[in-house]
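> What follows is a structure written as structure tokens; I'll ask about it next.
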Amino acid sequence: MQSPSDSVYPAHWEADVVLRDGGTARIRPITPDDAQRLVSFYEQVSDESKYYRFFAPYPRLSDRDVHRFTHHDYVDRVGLAATVGGEFIATVRYDRIDERGRPAKEPGADQAEVAFLVQDAHQGRGVASALLEHVAAVARERGIRRFAAEVLPANTKMIKVFTDAGYTQQRSFEDGVVRLVFDLEPTEQSMAVMRGREQRAEARSVQRLLAPGSVAVIGTGRAPGGVGRSVLRNLLDSGYPGRVYAVNHAFPGSGARLDPEGVPGHRSVSEIPEPVDLAVLAVPAAQVPDVVRECGEHGVRGLVILSSGYAESGPEGRDRQRALLRQARSYGMRLIGPNAFGLINTAADVRLNASLAPQMPGAGRIGLFTQSGAIGIALLSGLHRRGPGDGSIAGISTFLSAGNRADLSGNDLLQYWYDDPATDVAILYLESIGDPRKFMRLARRTAAVKPVVVAKGARHTGTAPLGHTVPTVRIPDSTVSALMRQAGVIRVDTVTELIDAGLLLASQPLPNGPRVAILGNSESLALLTYDACLTEGLRPLRPHVLAAAATPEDFHTALAAALANGLCDAVVVTAIPWVGEEGVASPGEGADLAAALRAAASSATPAKPVTVVHLAMDALADALAAPPPPESAPQPPHNAPQPHNAPPPSDGTPARPNASTAPGGATGAPQAPAPPPTGPPGGASTGAPSAAPLVPAFPAAERAVRSLAQAVRYAKWRKDATDPGRVPEYEDIEEAAAGADIDRLLDELARHADITRSVPLPAGDAHALLARYGIPVRPAHPAPDPDTAVRAAARLGYPVALKTTAPHLRHRPDLGGVRLDLTGEAELRRAYAELTDFLGKPEELRPVVQPMVPRGVDTVVRAAIDPAAGAVLSFGLAGAPSQLLGDMAHRLIPATDRDVAEQIRSIRTAPLLFGWRGSQPVDTAALEDLLLRVSRLVDDHPEVVGVDLEPVVVAPHGLAVLDATVRLARPPATTDLGPRRMSAY
0 MQSPSDSVYP AHWEADVVLR DGGTARIRPI TPDDAQRLVS FYEQVSDESK YYRFFAPYPR
60 LSDRDVHRFT HHDYVDRVGL AATVGGEFIA TVRYDRIDER GRPAKEPGAD QAEVAFLVQD
120 AHQGRGVASA LLEHVAAVAR ERGIRRFAAE VLPANTKMIK VFTDAGYTQQ RSFEDGVVRL
180 VFDLEPTEQS MAVMRGREQR AEARSVQRLL APGSVAVIGT GRAPGGVGRS VLRNLLDSGY
240 PGRVYAVNHA FPGSGARLDP EGVPGHRSVS EIPEPVDLAV LAVPAAQVPD VVRECGEHGV
300 RGLVILSSGY AESGPEGRDR QRALLRQARS YGMRLIGPNA FGLINTAADV RLNASLAPQM
360 PGAGRIGLFT QSGAIGIALL SGLHRRGPGD GSIAGISTFL SAGNRADLSG NDLLQYWYDD
420 PATDVAILYL ESIGDPRKFM RLARRTAAVK PVVVAKGARH TGTAPLGHTV PTVRIPDSTV
480 SALMRQAGVI RVDTVTELID AGLLLASQPL PNGPRVAILG NSESLALLTY DACLTEGLRP
540 LRPHVLAAAA TPEDFHTALA AALANGLCDA VVVTAIPWVG EEGVASPGEG ADLAAALRAA
600 ASSATPAKPV TVVHLAMDAL ADALAAPPPP ESAPQPPHNA PQPHNAPPPS DGTPARPNAS
660 TAPGGATGAP QAPAPPPTGP PGGASTGAPS AAPLVPAFPA AERAVRSLAQ AVRYAKWRKD
720 ATDPGRVPEY EDIEEAAAGA DIDRLLDELA RHADITRSVP LPAGDAHALL ARYGIPVRPA
780 HPAPDPDTAV RAAARLGYPV ALKTTAPHLR HRPDLGGVRL DLTGEAELRR AYAELTDFLG
840 KPEELRPVVQ PMVPRGVDTV VRAAIDPAAG AVLSFGLAGA PSQLLGDMAH RLIPATDRDV
900 AEQIRSIRTA PLLFGWRGSQ PVDTAALEDL LLRVSRLVDD HPEVVGVDLE PVVVAPHGLA
960 VLDATVRLAR PPATTDLGPR RMSAY
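In numbering that gives the first Met the number 0, the protein residues as written are 0 to 984.
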């Protein structure tokens, strides 16, 4: 049944995967060269596992067995192995069978028998589940639709692998054997199972790096100074409680203590008598391969490579980086770097600073990831200035700066932060996105439970920075921004905005709306804040201006009243220094005012966000950012209610833990992913009022209001995300017929074109394919001469339109290539003559005749597949708004009804669709229906890599598609819907 081309070694089946315990393994096809590996693997399998595999005692493999299990045609007989350190730890095999369960000999058989064998030492790591995902994908690629498996009833682990996979299956029991038959078509449940396993495994792999039991710093200098010695000193100064080792091949003897640090020194990792969980490498790039080999053989779980000289240095360095990644993964190790800055975990039971940062940041609620060491330094320094010390407003839970991020990336941190109880806000600085599809998926899921704030560098260069060996994303940055907004990501432009947004979101509840109260002792500062609110799209109330000499008690009273106002969703307090009766500033004004504001904020029910804008009051900002000592929690002035005595929420909602009591983000196994909240969203406490809330303070009104506006928009997205809409079903869509048309067209195109690249369809074929999805395109009859134009108009019926289709004139009505409302033959001939006289010969203009359609608004609908970002649906007004101003809205495919409704309303020129200046509103319902049908077409058929409908005239009743282009290509072998795999750059 196989063809010669199919028997070629399928390299695209190779993949690295993260296992349940956070380690990694490589999955690849088995080849004849693996005979000795297979024998060695089988010798390490227990007799019980062999019995479960062969249903009888089977102590060793015969030569015939070894040949059969290592020789495959990669079509009807396929074997995959999971390897660590180049050795097998598990295998899976399928054989195509006919309806009677015998080896298939005729074409058309779509069932295969599958069997697994996992080395006992690696059982329980999720190896079989990962192999099942990959062998199922291979089988689907080879035309197999069902797997059959026979399992002994006592082999409960294997039965669980099959039953937990989420596929539709049938189960029977006969002759003492459990027989399972399951369809391989992915289901919603199987995808959810796969994504859940992926999240838990990748989160666990990050957790192993963030909470190691022991750390070895390799490349520690013999004298003080240098990178390795600095990391060692930072690690010890942070209070890390685990075992620490210094390694340098030039040390005089193994086990000698390194002074003044007092840690044991070894010449090699292999000489350390205990296990090592994390190794920090500060050695020249030329020495790294030998060190990585020693670490792998010693069982090190993860590496932080500070060394430079990799992809950032040119092609040779890029090859060196790829070889480094392959080497690390071959031993099952995760890798941070190379050219990394390090990682930090502030959890009380971890206190890990394995980085070049000389100062341990304070513990807090912000998770921080950067691809740049310089930006990492800037962020840590900026946060420290805004609130030093544990429990401050600017404290972090975890920090990781990945450098060239050959392996560990922001996606891995999103997996970890998703259910990390110590992290309330995720902040990422990215310069490239290696797997945009996965990033958008993970960001959307994480944003449903906690804010995700992103700043992206290298936005306008079109290429990744040096060192980032990632696929190039061809879509413009504006589209990336739109997709991030759809995913709930808060995108900012600067490092300062990253910090501002993070502080507000980590310390304040989310606002329930855009209504903002403004109060303070400066009318001018209040007006600046009012204007900033309007600029950001908020709805400010009339400012409440206090006297210039207002006391802390006055501020407390005003803030408490504003928070109690049901017409207010958030409060901005503005403050300038005041002077006492003697004409000098009050010496305790900052601390006194901070206590008053905190007391008022803590008594608000329900909790509302409060932010402060100050001028020349740094002491106020410092007091608001610092956690008060337990014995001196802020006391409200006069007779205000005591926040410490506030009752717990009546609905039993637990209060949010503070930084000193929350468990470390890297201790213990990750918990099951938390479901998206069903109540009001909140980046901080939304239950009982806090006894001593931390309040963000800003030296400029614009910064405070911008951060508040970002919180407002995110809160709205959180509410909307609880009802994301649906992808509608259409009875008139002919999905199967469209698929058959696409297969036929691709076969025809392959005779004269490279269909691995996108190829445009002829107009007739494109229109027919669109019609399968209920998208009719108005006919356009070629008119190479006036007489042909007249005959075409007679068939269509007057009035008609005459227009050119030459590429340089297409969609350019401003150049005069379109004549509308031609009511008779004379008008048509005159228009034809004008076009050819002014614009060129007919063979250059390619004129066509079309029937007139009702007047309306000209729009454009597009769908395109970016190899890295995935399928994107775009919409805008035709002509200058989209072409000149870039006024387009974008959504990921598949789009829901809610997505497209928001999409057409999000462009700046949307008022033209809804009756601007007395014009008649157009049929936006028909427009939404068209967008959904285009989305379905591209989602159902990945071979459709481009659709361009322009113009689409949307009238008060209905719409008309006047021109359409469709492009096809063979889809890639794997997508984000395939089995989980680690990125390989």
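A virtual CB, placed ideally from N, CA and C, is assigned to each residue, including glycine.
How would you write the range of the alpha helix (DSSP H) that Ala148 sits in, first residue to last?
As a first step, residue 148 is located in the sequence shown; it is residue number 149 there, counting from the start. Element bounds for Ala148: not the alpha helix (DSSP H) but the beta strand (DSSP E), 145-150.
> With a threshold of 16 other CB atoms inside 10 Å of the CB of Lys449, please say whether the residue is buried or exposed.
Locating residue 449 in the sequence shown gives position 450, counting from the first residue. It counts as buried.
> By the three-class DSSP mapping on this structure, what secondary structure does Arg980 have?
As a working note, residue 980 is residue 981 in the sequence shown. Residue state, collapsed to three classes: coil.
> Which whole runs of the beta strand (DSSP E) in the segment 295-360 are 3 residues long or more, in chain order?
You should have 301-304, 333-335, 341-344, 351-354.
> Can you grab the Cα-Cα spacing for the pair Arg76 / Val965, in whole Å?
Here residue 76 refers to the residue found at position 77 of the sequence shown. Here residue 965 refers to the residue found at position 966 of the sequence shown. Taking the straight line joining both Cα atoms gives about 38 Å.
> How would you call Met193, buried or exposed, if buried means at least 16 neighbouring beta carbons within 10 angstroms?
Taking the first residue of the sequence shown as 1, we reach residue 193 at position 194. Result: buried.
> By the DSSP assignment, the alpha helix (DSSP H) with Lys159 in it spans what residues?
Here residue 159 refers to the residue found at position 160 of the sequence shown. Its alpha helix (DSSP H) spans residues 155-162.
> How many Å lie between Pro435 and Val113 at the Cα?
Mapped onto the sequence shown, residue 435 falls at position 436. Mapped onto the sequence shown, residue 113 falls at position 114. Their backbone Cα atoms lie some 34 Å apart in a straight line.
> Would you mind sorting Asp418 into buried or exposed? The rule is 16 or more other CB atoms within 10 Å of its CB.
Counting from one through the sequence shown, the residue named residue 418 turns up at place 419. Classification for Asp418: buried.
> From what residue to what residue does the alpha helix (DSSP H) around Tyr417 run?
Your numbering for residue 417 matches position 418 in the sequence shown. It spans 409-417 - the alpha helix (DSSP H) in which Tyr417 sits, taken as one unbroken run.
> Does DSSP put Ile489 in a helix, a strand or coil?
For the purposes of this step, residue 489 is taken as residue 490 along the sequence shown, with counting starting at 1. Ile489: strand per DSSP, three-state reduction.
> Since Leu801 contacts Val726 with CB under 8 Å, what's their CB separation in whole angstroms?
Within the sequence shown, residue 801 is the residue found at index 802, counting from 1. Within the sequence shown, residue 726 is the residue found at index 727, counting from 1. Going by Cβ atoms, the distance from Leu801 to Val726 rounds to 40 Å, so no, they are not a contact pair.
> From Val230 to Ser307, what does the alpha carbon distance come to, in whole angstroms?
On the sequence shown, position 231 is the one that residue 230 refers to. On the sequence shown, position 308 is the one that residue 307 refers to. One C-alpha to the other measures close to 16 Å.
> Near Ser631, which residues of its chain fall below 8 Å by C-beta distance, leaving aside the five closest residues on each side in sequence?
For the purposes of this step, residue 631 is taken as residue 632 along the sequence shown, with counting starting at 1. The predicted model places Ser631 with a pLDDT of 47, which falls under 50 and marks its position as unreliable; any figure quoted below should be read in that light. Nothing meets the Cβ criterion.
> Distance check for Ser408 and Val205, CA to CA, integer angstroms please.
Locating residue 205 in the sequence shown gives position 206, counting from the first residue. Locating residue 408 in the sequence shown gives position 409, counting from the first residue. Answer to the nearest angstrom: the Cα atoms are 10 Å apart.
> Just tell me which of Asp731, Ala81, Leu280, Gln188 has its CA closest to the CA of Gly995.
Because the chain in this structure spans residues 0 to 984, residue 995 falls outside the shown range and cannot be described.
> Alpha helix (DSSP H) containing Arg436: first to last residue?
As a working note, residue 436 is residue 437 in the sequence shown. Looking at the DSSP string, the run of the alpha helix (DSSP H) that includes Arg436 is 435-446.
> I think Cys567 touches Arg484, with their Cβ atoms under 8 Å apart; what is that distance to the nearest whole Å?
Looking up residue 567 in the sequence shown gives position 568. Looking up residue 484 in the sequence shown gives position 485. 26 Å between Cβ atoms; not a contact.
> Give every residue of the same chain whose Cβ lies closer than 6 Å to the Cβ of Gly815, excluding the five residues on either side of it in the sequence, and list them in chain order.
Here residue 815 is taken as the residue at index 816 of the sequence shown, counted from 1. Nothing listed; no residue qualifies.
> Which class does Gln849 belong to by DSSP, given the choice of helix, strand or coil?
In the sequence shown, the residue the question calls residue 849 occupies position 850. Gln849: strand per DSSP, three-state reduction.
> Could you round the C-beta distance between Ile374 and Tyr428 to whole angstroms and report it? I think they count as a contact, below 8 Å.
Sequence index remark: in the sequence shown, residue 374 carries index 375 (1-based). Sequence index remark: in the sequence shown, residue 428 carries index 429 (1-based). With a Cβ gap of about 5 Å, Ile374 and Tyr428 count as contacting.
> Flag this pair as touching only if the segment 131-145 and the segment 173-188 have three or more C-beta atom pairs under 8 Å; answer yes or no.
With a cut-off of 8 Å, the segment 173-188 and the segment 131-145 count as touching, because enough Cβ pairs lie within range.
> I'd like to know whether the C-beta atoms of Gly261 and Gly241 end up nearer to each other than 9 Å.
Your numbering for residue 261 matches position 262 in the sequence shown. Your numbering for residue 241 matches position 242 in the sequence shown. Against a cut-off of 9 Å, the Cβ pair of Gly241 and Gly261 comes out as no contact.
> With DSSP collapsed to three states, give me the class of Ile392.
For the purposes of this step, residue 392 is taken as residue 393 along the sequence shown, with counting starting at 1. Note: Ile392 maps to coil in three-state DSSP.
> Is Met616 helix, strand or coil by DSSP?
Taking the first residue of the sequence shown as position 1, residue 616 is located at position 617. In the structure shown, Met616 sits in coil (DSSP, three-state: anything other than H, G, I, E or B).
> Hey, Gly264 and Ala245: beta-carbon distance below 9 Å or not?
Within the sequence shown, residue 264 is the residue found at index 265, counting from 1. Within the sequence shown, residue 245 is the residue found at index 246, counting from 1. Yes. Within cutoff.
> My assumption, with CB atoms under 8 Å, is that Ala164 sits in contact with Ser189. Please give the rounded CB distance.
For the purposes of this step, residue 164 is taken as the residue at position 165 of the sequence shown. For the purposes of this step, residue 189 is taken as the residue at position 190 of the sequence shown. Indeed, because the Cβ distance is near 6 Å, the residues count as touching under 8 Å.
> I need the DSSP call for Asp939, collapsed to helix, strand or coil.
Here residue 939 refers to the residue found at position 940 when the sequence shown is read from its first residue. Note: Asp939 maps to helix in three-state DSSP.
> Between which two residues does the alpha helix (DSSP H) carrying Phe874 extend?
On the sequence shown, position 875 is the one that residue 874 refers to. Taken as a continuous stretch (DSSP letters only), Phe874 belongs to no alpha helix (DSSP H), being part of the beta strand (DSSP E) at 869-876.
> Kindly give me the distance between the Cβ atoms of Val933 and Ala862, rounded to whole angstroms, as I take these residues to be in contact under 8 Å.
Working through the sequence shown from its first residue, we reach residue 933 at position 934. Working through the sequence shown from its first residue, we reach residue 862 at position 863. Contact holds; Cβ gap of about 5 Å.
> If Leu413 and Thr369 are in contact, beta carbons under 8 Å, what's the gap, nearest whole angstrom?
Position 414 of the sequence shown, counted from the start, is the residue given in the question as residue 413. Position 370 of the sequence shown, counted from the start, is the residue given in the question as residue 369. Contact flag wrong, Cβ pair sits at about 14 Å.
> Identify whether Pro841 lies in helix, strand or coil by the three-state DSSP scheme.
Reading the sequence shown from its first residue, position 842 is the one you call residue 841. Looking at Pro841 - three-state DSSP - the assignment turns out to be helix.
> By DSSP's criteria, Phe115 is part of a beta bridge. Which residues make up the other side?
Taking the first residue of the sequence shown as position 1, residue 115 is located at position 116. Answer is Val91.
> When we look at the beta-carbon of Thr528 and count the other beta-carbons within 10 Å, is it buried (16 or more) or exposed?
Within the sequence shown, residue 528 is the residue found at index 529, counting from 1. Its Cβ being crowded by 16 or more others within 10 Å, Thr528 is buried.
> With distances taken between CB atoms, is the gap from Val488 to Ile432 smaller than 9 Å?
As a first step, residue 488 is located in the sequence shown; it is residue number 489 there, counting from the start. As a first step, residue 432 is located in the sequence shown; it is residue number 433 there, counting from the start. No, the pair does not count as a contact, with Cβ atoms beyond the cut-off.
> Kindly indicate which residue of Gly589, Glu728, Phe837, Leu209 has the alpha-carbon position closest to the one of Trp577.
Counting from one through the sequence shown, the residue named residue 577 turns up at place 578. Checked all of Gly589, Glu728, Phe837, Leu209; the closest Cα to Trp577 is Gly589.
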